[in-house]
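Scroll down for the structure; my scribbles are underneath it.
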Amino acid sequence: MQRAYRLRKNRQFQYVYRKGKSCACHELVLLHVRSARLQAGFSVSRKIGNSVVRNRVKRRLREQFRALLPLLKPGLYVVVAREAAAEADSHALGASLLSLCRRQKLLRTQSVCKPQ
């Protein structure tokens, strides 16, 4: 995912945590706020595992989110990984992310699509 699409500052994350609407599943929590631009941030706590595991989960989430970029409405997104995300494979994380986006009606078109 390109750097222009990432949330990087703590205040950006805090804004989404305070103002955002959330939706959760077994592996992930998705928070979003409407905005003119599309940016996303990923949060994986130390409860998930050591740095190797946390970074692996973040890489998988970024890749799955990148596949959804053309389909998403503009806004600020924060994806928080739960403990089950450490054991989930990339396709399961992608399916969970797509499911959360559909539940919140964040896709530009509600057609059937699968992340790669």
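Per full-length UniProt numbering, residue 1 is the first one in the sequence shown, and the count goes up by one each step.
Idealized CB from N, CA, C, for every residue including glycine.
Q: Could you spell out the range, first to last residue, of the alpha helix (DSSP H) harbouring residue 15?
A: Numbered from its first residue, the sequence shown carries residue 15 at position 15. Run containing residue 15: 10 to 19, per the alpha helix (DSSP H) assignment.
Q. Near residue 47, what residues of its chain come up, given a Cβ to Cβ distance below 7 Å and the 5 sequence neighbours on each side ignored?
A. Your numbering for residue 47 matches position 47 in the sequence shown. Counting only Cβ-Cβ distances below 7 Å, and skipping sequence neighbours, we find 83.
Q) Is DSSP giving residue 31 helix, strand or coil here? A) Counted from its first residue, the sequence shown places residue 31 at position 31. If DSSP states are grouped into helix, strand and coil, residue 31 belongs with the strands.
**Q.** Residue range of the alpha helix (DSSP H) that includes residue 64
**A.** One-based indexing of the sequence shown puts residue 64 at position 64. Unbroken alpha helix (DSSP H) run through residue 64: 51 to 68.
Q. Is it right to say residue 60 is buried, meaning 16 or more other beta carbons lie within 10 angstroms of its own, or is it exposed?
A. Position 60 of the sequence shown, counted from the first residue, corresponds to residue 60. Flag for residue 60 reads buried.
Q: List the DSSP bridge partners of residue 23.
A: As a working mapping, residue 23 is identified with position 23 in the sequence shown. DSSP lists 30 as partners of residue 23.
**Q.** When 109, 10 and 22 are compared against residue 69, the one with the closest alpha-carbon
**A.** Reading the sequence shown from its first residue, position 69 is the one you call residue 69. Residue 109 is the option with its Cα nearest to residue 69.
(Q) Using only the alpha-carbon positions, how far apart do residue 27 and residue 39 sit? (A) Position 27 of the sequence shown, counted from the first residue, corresponds to residue 27. Position 39 of the sequence shown, counted from the first residue, corresponds to residue 39. If you take the alpha carbons of residue 27 and residue 39, they lie about 21 Å apart.
**Q.** Residues of its chain near residue 99, where Cβ-Cβ distance is below 7 Å and the 5 sequence neighbours each way are ignored
**A.** In the sequence shown, the residue the question calls residue 99 occupies position 99. Within the same chain, residue 99 has close Cβ partners 25.
Q) Going by alpha carbons, who is nearest to residue 81 out of 57, 17 and 92? A) On the sequence shown, residue 81 is found 81 positions in, with the first residue counted as 1. Of the candidates 57, 17 and 92, the one whose C-alpha sits nearest the C-alpha of residue 81 is 57.
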